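Asker: Just so it is clear: in the sequence shown, position 264 is 264 by full-length UniProt numbering, and no numbers are missing.
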Amino acid sequence: MLRRLIIQRPCWKRTGYFGSAVQPSLVRLRSTYLSQPGAKVTRIKTEEELAQERLEEQLKSESRFIRWGAIARTEKFTKGMTKYLIGAYIIFLIYGLYFMRKMYAKEKELERLEAKRKEGQANEYEELRIKELRGKMRNRDKLQLAKYRALPHNENEDTSQFDGITLEKNDENITNRKILPARDTTDFYDFKAAEYDEGVNFEEKAIFMGSRRKWLMKHCQGDILEVACGTGRNLKYVDLSKVNSITFMDASEKMMELTHNKFRAEFPNFKKAAFVVGKAENLVDLAASGDGQGVDPETRVKYDTIVEAFGLCSLENPVKSLQNFEKLLKPGGRIVLLEHGRGTYDFVNKILDDRAEKRLETWGCRWNLDLGEILDDSGLEIVEENRTHLGTTWCIVAKRKGDLKKNSELGFVEKYFGSSIKSKIEAYETAGKSGSPKAGGDSDELPRK
Ligand SMILES: C[S@@+](CC[C@H](N)C(=O)[O-])C[C@H]1O[C@@H](n2cnc3c(N)ncnc32)[C@H](O)[C@@H]1O
Numbered sequence: 001m002l003r004r005l006i007i008q009r010p011c012w013k014r015t016g017y018f019g020s021a022v023q024p025s026l027v028r029l030r031s032t033y034l035s036q037p038g039a040k041v042t043r044i045k046t047e048e049e050l051a052q053e054r055l056e057e058q059l060k061s062e063s064r065f066i067r068w069g070a071i072a073r074t075e076k077f078t079k080g081m082t083k084y085l086i087g088a089y090i091i092f093l094i095y096g097l098y099f100m101r102k103m104y105a106k107e108k109e110l111e112r113l114e115a116k117r118k119e120g121q122a123n124e125y126e127e128l129r130i131k132e133l134r135g136k137m138r139n140r141d142k143l144q145l146a147k148y149r150a151l152p153h154n155e156n157e158d159t160s161q162f163d164g165i166t167l168e169k170n171d172e173n174i175t176n177r178k179i180l181p182a183r184d185t186t187d188f189y190d191f192k193a194a195e196y197d198e199g200v201n202f203e204e205k206a207i208f209m210g211s212r213r214k215w216l217m218k219h220c221q222g223d224i225l226e227v228a229c230g231t232g233r234n235l236k237y238v239d240l241s242k243v244n245s246i247t248f249m250d251a252s253e254k255m256m257e258l259t260h261n262k263f264r265a266e267f268p269n270f271k272k273a274a275f276v277v278g279k280a281e282n283l284v285d286l287a288a289s290g291d292g293q294g295v296d297p298e299t300r301v302k303y304d305t306i307v308e309a310f311g312l313c314s315l316e317n318p319v320k321s322l323q324n325f326e327k328l329l330k331p332g333g334r335i336v337l338l339e340h341g342r343g344t345y346d347f348v349n350k351i352l353d354d355r356a357e358k359r360l361e362t363w364g365c366r367w368n369l370d371l372g373e374i375l376d377d378s379g380l381e382i383v384e385e386n387r388t389h390l391g392t393t394w395c396i397v398a399k400r401k402g403d404l405k406k407n408s409e410l411g412f413v414e415k416y417f418g419s420s421i422k423s424k425i426e427a428y429e430t431a432g433k434s435g436s437p438k439a440g441g442d443s444d445e446l447p448r449k
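Written out as structure tokens, the structure is:
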């Protein structure tokens, strides 16, 4: 927009070259100077010109932020950025396609291997590869897989080339001499019972174990079994409004006495509670012979939730005990464990190993066990596995083999992109045929296979 121009020129030139016809409108044209010598025209600048001047000033500014801001507004920069963004977008697309292809190939391989496993024909390498594809490798699996890959083999998809080959195991719990053999700790805990609570209080407070115990007990609903309950340290976190019956079990009579006294003091009116002295290794036999008194025989032998805190480290046979838990679990039930064992880092494990003997003497537990190996050997299916305190505290939710996960337990990827989509589609299709509106729909528990 042009504004009014001011014409400065001597009076005698008023009728000069242009004669008296010089009109302000003519001078309003672009030139700064009139053609008459000495006649200077100053005009007010356009908005664009002012902006350009401002930009140039800012490009010379002392402040680097103002300078960078100005550079980002220059035409050269904007054009360069556009090219760069288009390039990045193309790279992103290519990578995305490559990634999807890889995912698809993995999914196909997994499907093929699992079909083989279902027929009972998968070799050890294939079992390990299934774990690798599912991202569920333990340390020993990584070592074993590396051994297989070090063998002379063809780099093709034919994994049956490893048929008939079985390599020596490298289980941490067997090969590590600092992991002491399991033992019967009943007498130890009978002796320790009176001073147990006082002894562990400080350690637990220092690492906020209360919040973990709370996490453990919030899973309790329906008929509950707490194995290796000790002195009843989890009692204050249980919400009995969600509980139908609760059975406590421990090998040590003295520890159990403390749980019993605490429970009766805390919940004097709760009738469906049983207190069983016995070993987790004999759990199935105990449940069948009816030693758990006070609980309806129909519900006594199967539980909705089986919980255990810091028990695996003291049991004589943790794998067998976990297998017993599975046998006593109702369909859709959950085993919830709060345990301690080997950590995520070597330096932590070295500390645990070096003090394993002292720990066993003081607390009767093997705190350097590889719990991953124990869990895998038990055959339980892990729904949730979280580890804290440098990986030494294990928070596990597990289910019976073959039970489906609840909707609330599915992760985002699993829910929307994982192979579960396939099973959900199948569930919908089956529901469509059978006319059941619930299958694969809103039900919290997905239908059992
Ligand atoms: C480290 S204490 C944990 C106690 C309690 N759960 C807690 O969180 O404080 C281990 C408990 O396991 C019990 N225990 C040891 N061996 C057992 C077995 N074979 N079956 C059942 N309980 C056992 C001990 O008596 C002891 O009470």
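Every residue, glycine too, gets a C-beta built ideally from N, C-alpha and C.
Nothing here was measured: the structure is a model prediction, and the numbers come from that model.
Just to confirm, are threonine 159 and tyrosine 125 a CB contact at a threshold of 8 Å?
Answerer: Against a cut-off of 8 Å, the Cβ pair of tyrosine 125 and threonine 159 comes out as a contact.
Asker: Can you tell me which residues form a DSSP beta bridge with arginine 334?
Answerer: Paired residue(s): Thr305.
Asker: Roughly how many angstroms separate the alpha carbons of tyrosine 416 and glutamate 316, rounded to a whole number?
Answerer: When rounded, the distance between both Cα atoms is 42 Å.
Asker: Which runs of the alpha helix (DSSP H) at least 4 residues long sit entirely within the stretch 216 to 270? Give them in chain order.
Answerer: DSSP runs (the alpha helix (DSSP H)) wholly in the stretch 216 to 270: 253 to 266.
Asker: Restricting to Cα atoms, I'd like to know which of Leu352, Cys229 and Val243 is closest to lysine 262.
Answerer: The candidate whose alpha carbon is nearest that of lysine 262 is Cys229.
Asker: Check whether the Cβ atoms of leucine 369 and isoleucine 179 lie closer than 8 Å to each other.
Answerer: Cβ distance < 8 Å, so leucine 369 and isoleucine 179 count as in contact.
Asker: Just to confirm, is the Cβ distance from serine 245 to lysine 272 under 8 Å?
Answerer: Closer than 8 Å, so yes.
Asker: Mind checking proline 318: buried by the 16 CB within 10 Å criterion, or exposed?
Answerer: With 16 or more Cβ atoms within 10 Å of its Cβ, proline 318 is classed as buried.
Asker: What's the C-alpha gap between glutamate 172 and tyrosine 303?
Answerer: Roughly 32 Å between the two C-alpha positions.
Asker: DSSP on threonine 159, reduced to helix/strand/coil?
Answerer: Three-state DSSP puts threonine 159 in a helix.
Asker: Would you kindly work out how many angstroms separate the C-alpha atoms of leucine 240 and valine 307, rounded to a whole number?
Answerer: Straight-line Cα distance between these residues: approximately 15 Å.
Asker: How far does the alpha helix (DSSP H) with residue 456 in it reach, from first residue to last?
Answerer: Outside the modelled stretch of the chain, which goes from 1 to 449, sits residue 456, for which no answer is possible.
Asker: Are there any heavy atoms of ligand 1 lying less than 7 Å away from the beta-carbon of glutamate 281, as far as the coordinates show?
Answerer: The answer is yes for glutamate 281.
Asker: Would you mind reading off the limits of the beta strand (DSSP E) that contains phenylalanine 275?
Answerer: Unbroken beta strand (DSSP E) run through phenylalanine 275: 273 to 277.
Asker: Tell me whether cysteine 395 counts as near ligand 1, meaning its Cβ is closer than 7 Å to at least one heavy atom of that ligand.
Answerer: Result no, Cβ not under 7 Å from ligand 1.
Asker: Please say whether isoleucine 382 and alanine 398 have beta carbons closer to each other than 8 Å?
Answerer: Closer than 8 Å, so yes.
Asker: Run the CB neighbour count on glycine 341, radius 10 Å, all protein chains shown included, and call it buried at 16 or more, exposed below.
Answerer: Glycine 341 should be labelled buried.
Asker: Pair every Cβ in the stretch 189 to 203 with every Cβ in the stretch 248 to 264, then say whether three or more of these pairs are closer than 8 Å.
Answerer: Result yes; three or more Cβ-Cβ pairs closer than 8 Å.
Asker: Enumerated in chain order, which unbroken segments of the beta strand (DSSP E) with a length of 3 residues or greater are wholly contained in the stretch 336 to 416?
Answerer: Taking only runs of at least 3 residues, the beta strand (DSSP E) segments lying wholly in the stretch 336 to 416 are 381 to 388 and 393 to 399.
Asker: DSSP on tyrosine 133, reduced to helix/strand/coil?
Answerer: Going by the sequence as given, residue 133 is leucine instead of tyrosine. The answer is helix: DSSP assigns leucine 133 an H, G or I state.
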